[in-house]
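So the protein sequences, as listed, match chains A and B.
Heads up: the first sequence begins at 26 in my numbering, then just goes up one per residue.
Heads up: the second sequence begins at 292 in my numbering, then just goes up one per residue.
Working notes, beginning with the structure itself.
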Amino acid sequence: MQANLVINVIILMALIGAGLWAIMTRSLIRSAIALALTSSVLTMVMFRFNSWLAAVFELSVCAGLISVVFISTISLTEPLSPQEVLKHMRDRLARFAFLPILILVVGFALSLLKVSYNLPLPPAALEQDARNVLWYGRELDLLGQVIILISGVFGVIILFRQMRRRS
Amino acid sequence: MNGTHLYLLWPLAIVVIMLLVEGLYCIFMTYNLIRLLIGVELLIKAATLMLVTAGYVTGQMALAQALVVTLIVIEVVFIVVATGVVIGFHRHTGSLDVRDTRNLKG
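Spelled out as structure tokens, the structure:
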């Protein structure tokens, strides 16, 4: 029990730390890598909470595909000039220096709150397979996913077609 | 299972709130469009963690996983389309600065 608690605390702190790194680091590539790390740590949390299907999706799609999309986008942009880099560094330091302190204060203040909840919890569901729930219980969700995917594909096609025409 | 993990709810809710603060701070303070998307991603991570926590605490893991999968699909489509818009904006203006969007006609 004690070891489990320690592991959970370490993983959750790593999650917050990876998120902070994604925001604080100056380099956009490092930011994208830190975001992939955040997704990987969230995957660990999901595995520990027995959400294996969601964990696999999170790892493959969020840590993999989205990182590739971000890195490709960054590679398509132009680098800053040395003068812009200097100005950018000073600006960023002034704007983001308070974030770690803010996060610590928020975490500490919330942990001091004595929250007592008497939640009317629903009866626990019988152990079900997530795939069955998704396929037989959430058909509209699946339909929505297909529609969103098709809309996304068409959106990207139209965007890039317009860009090609302009160039 | 039901209610036995209720003690985990508040500690995990604190982590969710901290992630939300990180994401919102990034969105409000950054001038870079790509970093703004990274802030939105952090908000989505917080929502995902909250869904998983709620599923674990209430004993409805299968339903929570189904919702997380849906959320991930929406997240991917959003990010892909948004990065396409960012690339288009960069090609058009040569900048990734949020403040330059004020000069657009639309």
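Glycine residues also receive a C-beta, built at the ideal position from the N, C-alpha and C atoms.
Answer yes or no: does any C-beta atom of chain A fall closer than 9 Å to that of Thr384/B? Against the second sequence, residue 384/B aligns to sequence position 93. Not closer than 9 Å to any Cβ of chain A, the Cβ of Thr384/B fails to qualify, so no.
Going by the CB atoms, is the gap between Ile48/A and Leu333/B shorter than 9 Å? Mapped onto the second sequence, residue 333/B falls at position 42. Mapped onto the first sequence, residue 48/A falls at position 23. Closer than 9 Å, so yes.
Excluding five sequence neighbours on each side, which residues of the same chain lie with their C-beta closer than 8 Å to the C-beta of Val389/B? Sequence index remark: in the second sequence, residue 389/B carries index 98 (1-based). Cβ contact annotation for Val389/B (same chain, cutoff 8 Å, sequence separation greater than five): Thr321, Tyr322, Asn323, Leu324, Leu327, in chain order.
Should Phe74/A go down as buried or exposed, given a rule of 16 or more other Cβ atoms within 10 Å for buried? The count along the first sequence starts at 1 and reaches residue 74/A at position 49. It counts as buried.
Taking the beta carbon of Met292/B as the centre, do at least 16 other beta carbons fall within 10 Å, making it buried, or is it exposed? What you label residue 292/B is simply residue 1 of the second sequence in a count that begins at 1. Its pLDDT being 46, under 50, Met292/B is placed unreliably by the model, and the measurement read from it follows with that caveat. Its Cβ having fewer than 16 others within 10 Å, Met292/B is exposed.
Taking Arg120/A as the query, report the chain B residues whose CB atoms sit under 7 Å from its CB, ordered along the chain. As a working note, residue 120/A is residue 95 in the first sequence. Going along chain B in sequence order, the residues near Arg120/A (Cβ under 7 Å) are Met320.
Go ahead and pull the three-state DSSP assignment for Asp154/A. Numbered from 1 along the first sequence, position 129 holds the residue referred to as residue 154/A. Coil, per DSSP.
For Glu83/A and Ile9/A, the rounded distance between their alpha carbons: Nothing can be reported for residue 9/A: it is not among the residues displayed for chain A, which extend from 26 to 192.
Members of the region 353–364 of chain B that neighbour chain A once the beta carbon cut-off is set at 8 Å: Ala353, Leu354, Ala355, Gln356, Ala357, Leu358, Val359, Val360, Thr361, Ile363, Val364
In chain order, each alpha helix (DSSP H) run of at least 4 residues that lies wholly inside the region 61–95 of chain A: 77–82
To which residues does DSSP link Asn323/B through a beta bridge? Here residue 323/B refers to the residue found at position 32 of the second sequence. Looking at the DSSP assignment, Asn323/B forms a beta bridge with Asp388/B.
Shorter than 9 Å from the beta carbon of Lys336/B to some beta carbon of chain A? Stepping through the second sequence from its first residue, residue 336/B is reached at position 45. Yes, because at least one Cβ of chain A sits closer than 9 Å to the Cβ of Lys336/B.
Shorter than 9 Å from the beta carbon of Ala28/A to some beta carbon of chain B? The residue given as residue 28/A occupies position 3 in the first sequence. No, no contact with chain B.
I need the straight-line Cα distance from Asp329/B to Ile36/A, nearest angstrom please. Within the second sequence, residue 329/B is the residue found at index 38, counting from 1. Within the first sequence, residue 36/A is the residue found at index 11, counting from 1. Per the sequence presented here, residue 329/B reads as Ile, with Asp not at that position. Spanning the two alpha carbons is a distance of roughly 21 Å.
Under 9 Å between C-beta atoms, does Ser65/A make it to chain B? Taking the first residue of the first sequence as position 1, residue 65/A is located at position 40. No, Ser65/A does not count as interfacial toward chain B.
Kindly say whether Arg191/A, judged by its beta-carbon, lies nearer than 9 Å to any beta-carbon of chain B. Residue 191/A sits at position 166 when you count from the first residue of the first sequence. At least one chain B Cβ lies under 9 Å of Arg191/A.
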